[in-house]
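Structure first, commentary second.
Residue numbers (the numbering used here): 25 to 176.
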């Protein structure tokens, strides 16, 4: 037996002048004024995307992520909310998930991975970087794990 689930847009709070390029999977989230959402993007419940932010194709934004205003999320960026603190995935136990907060004016390069962290305003995350710790100082961060490499 095969079970099919269709992608789509369900229970989304859209601001004004939002552009969405289908196919996408958007559900239970809020997307601010003037945003762009590219194709093959999934944005899950309890995600908030700020005004004028751009989410490029093939990005995955899991539950409990908040992205500020004027942000750029490159192609294939992956957010995660589960650190496997019990030694395995927290399937069915959202109490083990952790939030991520992205400040205003943050640019995240293609194929970066963002663990549950807080990133301050005016940060550039390089392509392919893995952010494992909070970022409290504006600047450019690159590598795995991401490290400060210069001013923004």
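Positions of the beta carbon are idealized from the N, C-alpha and C atoms, including for glycine.
Predicted model only: the values in this text are computed from it and were never measured.
Item: At the level of alpha carbons, what is the spacing between residue 141 and residue 85?; Value: 13 Å
Item: Straight-line CA distance for residue 119 to residue 60?; Value: 31 Å
Item: Measuring alpha carbon to alpha carbon, tell me which of 79, 170, 81, 49 ends up nearest residue 69.; Value: 49
Item: How about residue 126 and residue 151: do their beta carbons lie closer than 8 Å?; Value: no
Item: What would DSSP say about residue 122, mapped onto helix, strand or coil?; Value: coil
Item: So, are the CB atoms of residue 55 and residue 28 less than 8 Å apart?; Value: no
Item: As an exercise, report each continuous beta strand (DSSP E) stretch of at least 3 residues that is fully enclosed by the region 42-87, in chain order.; Value: 49-51
Item: Going by the DSSP bridge assignment, what does residue 163 pair with across the sheet?; Value: 147
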